[in-house]
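First the structure, in the form of structure tokens, and then the observations on it.
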Amino acid sequence: MTQLAEFEYSGRQSLLPALARAAIIAGSYWLLSLSLTVATGSLAAVAGCIAACVLTGLPERENPFKRLRTAVILLAAALLATMGVIAASLITSSSAVATLFGPVAAFHLAEGVKWLCFSFALTGAVRVLALRSSAGGIVEVLLVATGFVIILSAHRNGMINRPFFLGDFALSRGLDPATILLALGCGAVLCLSALLLVEENRRRLPYHFALFGLLCLSLIGYVQTFGLPTPQMTDDLGLTGNSAQRRDNPFHDGENNTENKQAPVAIVVFRDDYEPDGGAYYFRESAYSQWNGYMLDFTSLPDMDRDLIAAPGAPARETVGSEGRRLVSATIGTLVPHRSPFGLDAPIAFENAPNPNNLRFKRTWDAHSLVPEFDLNEMLGRPAGNSDWPEAVRQEYLRLPDDARYGELAREIVGGLRPQYAADPFARAWAIKNYLDRNGIYSLANEHAYAEDPAASFLFGDLTGYCMHFAFASTYMLRSLGIPARVGIGYSVPAANRAGGSSLLIQAIHGHAWPEIYFEGYGWVIVDPAPQRTLVDMTTDPQNELQQLLGDMLRGEAAFEEFLQEQAGYTINWQFVLGALPALLAALVLAGYAVKIYRLWIPAAAGLAAQHRLSYRAAVDRLAAVGVRRRFGESREAFARRASATAPALETLTAWHLAHALGERPPSLSIEDWNATRRRVSGEISGNTGTGKKILAILNPFSWVRAK
């Protein structure tokens with residue numbers, strides 16, 4: 002049987018199935034084009050799709066495709082799509098078209114032509130395949146499914162406020178975005194099902210749609226009973242997993258990736274105000290403390306890690322030292338399973354909290370923690386360890402691999418300390434941290450996990466690894482010096498992510514491990530290495546809207562409803578905005594000048610301890626004002642060398658700044674030295690800069706914004 006014989010039309014196709022098919026495919030094109038083109042392109046895609054469906058659905062005697070072979074039709078479709086792209090390119094590059102219609106209209110015209118040709122060609126080819134072969138129907142279904150998948154893909158990994166056009170639509174009408182997405186998913190099921198059924202007897206269509214409607218209702222019932230699907234816990238850093246089972250090896254080199262780094266894993270609502278001095282919120286979940294003959298592991302000894310709490314409601318066996326700490330409470334809701342509850346820095350109690358949204362949160366609890374308010378310099382002179390520990394427990398916190406290199410390197414590192422600090426536990430710990438900061442390289446692409454001792458492979462090899470390598474290596478070196486230490490695991494979230502609100506979103510990328518030391522009276526203190534060089538981008542885009550949305554969900558139905566009402570009732574008084582715009586701009590300029598003057602003036606009024614930061618910042622501000630700025634990825638030393646043509650004294654100021662920042666403060670420097678060097682930098686900039694640039698530097702109120 003030839004292809005011509007296979008191409009049979011009944012001549013009696015019902016108008017209803019044909020229109021249903023055209024509407025379903027056109028809807029998928031509309032969804033597919035939303036994020037790829039303007040409204041004109043989307044409308045053209047719908048029009049091209051409907052035209053192709055109508056032409057391929059004509060009776061046999063009127064059908065233009067009847068006498069053409071399948072290969073010819075597919076080739077013609079490819080040529081038409083190519084011609085559409087070429088025509089769009091010619092339209093946008095033509096000055097005559099832009100002059101005649103205007104550049105905006107020319108762009109819309111080009112998008113319309115491109116999407117009209119593309120959708121007509123693709124739909125025609127797919128419809129011919131569906132009519133001439135049984136496998137062609139599968140291609141048609143996949144085409145429609147693609148539109149829904151692409152539009153819903155932004156919602157994956159727990160981003161319930163995406164895609165933004167759906168999230169904004171829902172919130173502006175007082176709806177939960179999950180409701181809209183669930184409805185869209187049900188619509189996708191109905192559309193795909195209908196697409197498979199429209200070729201058959203139309204009398205059975207009502208029964209088929211009723212059946213699939215019941216399936217959608219059962220899906221909604223399932224979600225109401227068992228909750229919405231949530232992203233799996235990403236083990237990018239070898240931390241918390243999907244089960245409560247212990248891991249034999251926390252190092253998972255080669256399996257790490259940043260694909261799901263933005264996936265939300267928990268939301269924290271603070272009940273007390275707290276902002277950490279170190280710039281990051283640390284949430285401890287557990288710790289690796291006991292040597293198992295291969296590496297550090299979770300302890301099985303009842304007298305170790307008595308500060309860790311296994312579950313909400315479980316009694317605290319030991320409270321960390323309260324000196325220099327205060328109580329902070331927060332409510333935590335997890336979006337993925339966790340091995341253990343976690344809380345800020347040093348949790349002392351977990352209490353089960355009512356779950357306001359069982360569809361969203363896996364578990365909720367109130368965490369009460371003692372957070373540090375002490376300066377790390379207060380640790381100088383403090384003994385390490387707990388005098389109440391039995392000797393056997395203290396020895397457990399000192400066990401490490403049978404590798405003399407740990408002790409040799411640790412002693413070499415602390416050998417450069419001043420005599421008065423040579424035996425001080427905190428000074429030794431800080432020296433080890435500085436060594437790893439300066440020499441370590443952060444990377445997820447490593448193969449240390451396959452070594453007999455991954456930490457040794459990292460430390461005595463290329464010093465390239467991620468937080469687990471830094472934490473284990475640091476802990477082993479600390480233990481080799483007789484300092485009780487362990488590896489804390491949990492999350493580290495930049496304080497800036499809180500954005501001034503009471504909610505804090507924890508994402509997969511925030512999974513972290515760090516070394517911590519026990520100091521008498523203070524408890525476990527985090528001394529976390531921060532490598533200055535990195536081979537992987539671990540930053541994420543701000544998720545303020547999602548953070549607020551989940552925070553209001555966790556607070557309870559009343560707060561969430563209030564949030565939705567605020568979103569629904571929000572309108573902009575454009576007349577007021579336009580009237581106030583000049584005043585707002587003037588206030589903004591004045592604020593810019595105020596900040597600029599303050600940053601240049603404050604070093605003269607500050608004390609000696611802050612000069613390394615404020616004097617350097619003032620010098621960099623002056624350079625930025627005349628157009629000399631540090632480039633992305635450029636070190637401070639390299640920038641000082643490059644800027645020496647304008648301000649030679651910046652190299653001296655930079656050397657002092659870095660020495661102080663790294664804890665190696667030159668004892669002979671005074672405030673007069675800082676002021677004199679800063680004034681010299683200012684004079685050099687003035688003498689080596691043209692008049693025009695100096696005038697622009699004075700006129701620009703925001704020159705300090707680009708200083709770094």
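With the first letter of the sequence shown counted as 1, position 389 gets the number 390 in the numbering used here; the numbers rise by one all the way through. Note that beta-carbon positions come from the ideal geometry of N, C-alpha and C, so glycine has one too.
State the CB to CB distance for the pair residue i and residue j, rounded to an integer number of angstroms; the pair is presumed to be in contact (CB under 8 angstroms).
| i | j | result |
| --- | --- | --- |
| Tyr617 | His658 | 4 angstroms |
| Trp431 | Gly664 | 6 angstroms |
| Val266 | Thr332 | Not really, about 16 angstroms apart at Cβ, beyond 8 angstroms. |
| Thr655 | Asn689 | Wrong, their Cβ atoms sit about 17 angstroms apart, outside the cutoff. |
| Gly441 | Pro532 | 4 angstroms |
| Tyr289 | Leu505 | Not a contact, Cβ separation roughly 25 angstroms. |
| Ile672 | Val627 | That belief does not hold up - the Cβ atoms of Ile672 and Val627 are roughly 26 angstroms apart, past 8 angstroms. |
| Ile510 | Lys262 | 4 angstroms |
| Asp425 | Leu381 | 6 angstroms |
| Ala486 | Ile527 | That belief does not hold up - the Cβ atoms of Ala486 and Ile527 are roughly 11 angstroms apart, past 8 angstroms. |
| Leu328 | His369 | 6 angstroms |
Rounded to whole angstroms, what's the CA-CA distance from residue i to residue j? Just pull it up for me.
| i | j | result |
| --- | --- | --- |
| Glu521 | Tyr477 | 20 angstroms |
| Ser503 | Ser301 | 37 angstroms |
| Asp298 | Gln291 | 5 angstroms |
| Gly593 | Arg707 | 13 angstroms |
| Thr41 | Val537 | 39 angstroms |
| Gln576 | Ala587 | Low confidence applies here, because Gln576 scores a pLDDT of 46, under 50, leaving its location unreliable; read the following figure in that light. Rounded to the nearest angstrom, the two C-alpha atoms are 18 angstroms apart. |
| Ala698 | His613 | 24 angstroms |
| Asn701 | Leu399 | 57 angstroms |
| Leu482 | Gly294 | 19 angstroms |
| Gly693 | Gly501 | 40 angstroms |
| Ile696 | Ala595 | 18 angstroms |
| Glu397 | Pro420 | 29 angstroms |
| Lys709 | Gly85 | 47 angstroms |
| Gly489 | Trp525 | 9 angstroms |
| Phe703 | Leu371 | 40 angstroms |
| Ala21 | Thr541 | 42 angstroms |
| Ala99 | Arg499 | 47 angstroms |
| Asn202 | Leu132 | Residue placement at Asn202 cannot be trusted, given a pLDDT of 45 that sits under 50; what the coordinates show is reported in the next sentence. Approximately 16 angstroms, taken between the alpha carbons. |
| Leu229 | Leu547 | In this prediction, Leu229 scores a pLDDT of 48, lower than 50, which makes its location untrustworthy; the coordinate-derived value is nonetheless stated afterwards. About 16 angstroms. |
| Val494 | Leu585 | 34 angstroms |
| Arg307 | Val682 | 55 angstroms |
| Gly634 | Ala497 | 21 angstroms |
| Leu410 | Pro348 | 34 angstroms |
| Gly103 | Asp438 | 56 angstroms |
May I ask which residues mark the beginning and end of the alpha helix (DSSP H) holding residue i?
| i | result |
| --- | --- |
| Phe713 | For the chain, the structure presents residues 2 to 709; residue 713 sits outside this window and is missing. |
| Arg68 | Counting along the chain, Arg68 falls outside any alpha helix (DSSP H), and DSSP gives it neither H nor E. |
| Arg637 | Arg637 to Ala644 |
| His661 | Leu651 to Ala662 |
| Leu56 | Ala40 to Thr57 |
| Phe459 | Pro455 to Leu460 |
| Ala688 | First, the amino acid is wrong: residue 688 is Gly here, not Ala. Gly688 -> alpha helix (DSSP H) spans Ile672 to Gly688. |
Note down, in chain order, each residue of its chain lying with its Cβ closer than 6 angstroms to the Cβ of residue i, except the 5 sequence neighbours on either side.
| i | result |
| --- | --- |
| Ala45 | Gly113, Trp116 and Leu117 |
| Gly491 | Phe284, Arg285, Glu286 and Phe343 |
| Trp705 | Lys597, Arg600 and Asp622 |
| Ala641 | Leu651, Glu652 and Thr655 |
| Ala23 | Ile51 and Cys54 |
| Asp454 | Pro402 |
From which residue to which residue does the beta strand (DSSP E) around residue i run?
| i | result |
| --- | --- |
| Gly489 | Ala486 to Pro495 |
| Ala472 | Per DSSP, Ala472 belongs to no beta strand (DSSP E); it is in the alpha helix (DSSP H), Cys468 to Ser481. |
| Ala1 | Within the shown structure, residues of the chain are numbered from 2 to 709, placing residue 1 beyond reach of any answer. |
| Gln549 | Run containing Gln549: none in the beta strand (DSSP E); it sits in the alpha helix (DSSP H), Asn545 to Arg556. |
| Arg285 | Ala281 to Tyr289 |
| Val706 | It is not in any beta strand (DSSP E) - Val706 carries neither H nor E in the DSSP assignment. |
| Pro303 | Neither: Pro303 is in no beta strand (DSSP E) and is coded neither H nor E. |
| Glu276 | Run containing Glu276: none; DSSP gives neither H nor E here. |
Could you name the residues of the same chain whose beta carbon sits closer than 8 angstroms to that of residue i, not counting the 5 residues immediately before and after it, in chain order?
| i | result |
| --- | --- |
| Ala88 | Ala111, Val114, Lys115 and Cys118 |
| Trp366 | Pro313, Thr332, Ile333, Pro342, Phe351, Glu352, Asn353 and Ala354 |
| Gly608 | Ile672 |
| Glu141 | Ile26, Val127, Arg128, Leu130, Ala131 and Leu196 |
Output needed for residue i: all residues of its chain with C-beta closer than 7 angstroms, excluding positions within five of it in sequence on either side, in chain order.
| i | result |
| --- | --- |
| Val394 | Asp304 and Met305 |
| Val47 | Ala27, Tyr30 and Trp31 |
| Met554 | Pro357, Asn358, Arg361 and Phe561 |
| Glu638 | Thr655 |
| Gly466 | Ser444, Asn447, His449 and Phe459 |
| Tyr407 | Leu401, Tyr477, Met478 and Ser481 |
| Val129 | Thr57, Phe66, Thr71 and Ile74 |
task = Starting from the N-terminal side, write out each stretch of the beta strand (DSSP E) that is 3 residues or longer and does not extend beyond the region 335–420.
result = Correct list: 348–353 and 364–373.
message = If we require 4 or more residues per run, which alpha helix (DSSP H) segments fall completely within the region 89–152?
response = The region 89–152 contains these whole alpha helix (DSSP H) runs: 96–102 and 104–133.
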